[in-house]
Amino acid sequence: MEYSNLTGMQLDVLREVGNIGAGNAATSMSILLNRKIDMNVPSVSIVDYNDMMDIIGGPEELIVALLFQIEGEFPCTVYFILSIEEAENLIQNLTDNKNFTLMNDLSHDELAMSALKETGNIVIGSYLSALSDFIKCHLHPSIPYLSVDMAGATLTAGLVEISEVSDYAIVINTSIVSDSTENVQGHFFLLPEPDSIDRIFEALGIEND
Amino acid sequence: MIKEKKIVKVGIADLNIVTSPDIIRTAGLGSCVGVIIYDSSKKIAGLAHVLLPESSLTKQSTFNKFKYADTAVPILIEKLLTNGARKFSLKAKMAGGAQMFQFASNSKTMKIGARNIDAVRDQLTKFNIPIISSDVGGNVGRTIEFDPVSCQLKVRKVNQETLFI
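Keeping their order, the protein sequence lines are chains Y and L.
Sequential numbering from 6 applies to the first sequence in the working numbering.
Sequential numbering from 1152 applies to the second sequence in the working numbering.
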């Protein structure tokens, strides 16, 4: 299907998909960190690949990306993206190590890697369970894959399937923000594979031609 | 008058060419491959940022030819020749083709970096263009910059020293 033909109502539905998932994820993040987490209004954008990198700050922006491949009735890729500072903050909180820095070689720090991945598991797990209730289908997430690298390099990994079908990706983007001074902000990127979009509309009984 | 040096940026699934004193650059290569083809005495160089290996994979009726190695490389060569490069003196350098995530499942996504590298190499072999140097594979992102005067390819990786190849 051509994304450009989506109606306003269909875009609203996709926005709601992001909303429901991230709302739940913000709650688990809040429990995990024991502080208040706010959520921004989700956006749905149909963007070409270069624009997608710009949402995060350009292709060279250093990011911490947790990627989940979702299989089953609704194949898609979900990213939980944090900036370096945000991820450091998160790890410092979770591991009680205030001197932790991500700029050291991460592969030697098993505890930090594992803390990050587990956070991803919890947060994305709650994102997906809300989503799965909403669209009434089973979602099977992969284990978390972690990469700390340039946005262009990490985000194209989620585009391989989509790029065979389209030059555009539909990005359902929600960000969560902590209100404390130690700012923790995360982005959720949901990249549905083209067929999945039809399935969402079908599941929700939305007209689609 | 001396022309001011500018940096020409190439996006994902895109290509372009530059002549001295300009330099050409592409940022954030992951599994994508950045291939430079140049004619050193004419001081002209082209860069293609290839996303996928083969255009036969496409499910689109019309597609962006700059996206695939097997369509982008011939277009890049053609563009260079039209702008004064000579076929016999073309040389190539390449970087990218990393595997950013260590996927466990055997999906197509898994080996895309390696397949991109092979596809670009095949094309260069087909056109008899020698590969002078390359920095490919691994699991890191790269930003590359090429100067058609020095013919050096600058490769920047996160947390590593910048390479000139």
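C-beta: ideal position from N, C-alpha, C; glycine also.
Note that the structure is a prediction, hence the values are computed from the model and not measured.
- DSSP places Y/E115 in the uninterrupted alpha helix (DSSP H) bounded by E115 to I140.
- For L/T1213, the number of other beta carbons within 10 angstroms of its own is below 16, and it is reported as exposed.
- The three-state reading of DSSP puts Y/S171 in coil, since its state is none of H, G, I, E or B.
- Contact residues of the region 143 to 175 of chain Y toward chain L are S147, I148, Y150, L151, S152, V153, D154, M155, A156, G157, A158, T159, L160, T161, A162, G163, L164, V165, E166, S168, E169, V170, S171 and D172 (C-beta to C-beta distance below 9 angstroms).
- Assignment of beta-bridge partners to L/L1180 by DSSP yields L/R1293.
- When the five nearest sequence neighbours on each side are left out, the beta carbons in the same chain lying within less than 8 angstroms of the beta carbon of Y/D154 are those of L67, I68 and A70, in order along the chain.
- Burial of L/R1266 is indicated by the presence of at least 16 other C-beta atoms within 10 angstroms of its C-beta.
- Put simply, the region 1225 to 1237 of chain L does not touch the region 1293 to 1304 of chain L. Fewer than three CB pairs are less than 8 angstroms apart.
- For L/V1159, no Cβ of chain Y is located within less than 8 angstroms of the residue's own Cβ.
- In this structure, the CA atom of L/Q1303 is about 25 angstroms from the CA atom of L/P1204.
- Spatial neighbours of Y/E198 in its own chain (CB-CB distance under 7 angstroms, excluding positions within 5 residues in sequence) are listed in chain order as P80, C81, E166 and I167.
- Burial is judged here by how many other beta carbons sit within 10 angstroms of a residue's own beta carbon; L/L1275 has at least 16 and is buried.
- Assignment of beta-bridge partners to Y/D43 by DSSP yields Y/V182.
- In this structure L/I1195 is in contact with L/I1168, their Cβ atoms being roughly 6 angstroms apart against a cut-off of 8 angstroms.
- Not flagged as an interface residue toward chain L: Y/L16, since no C-beta distance is shorter than 8 angstroms.
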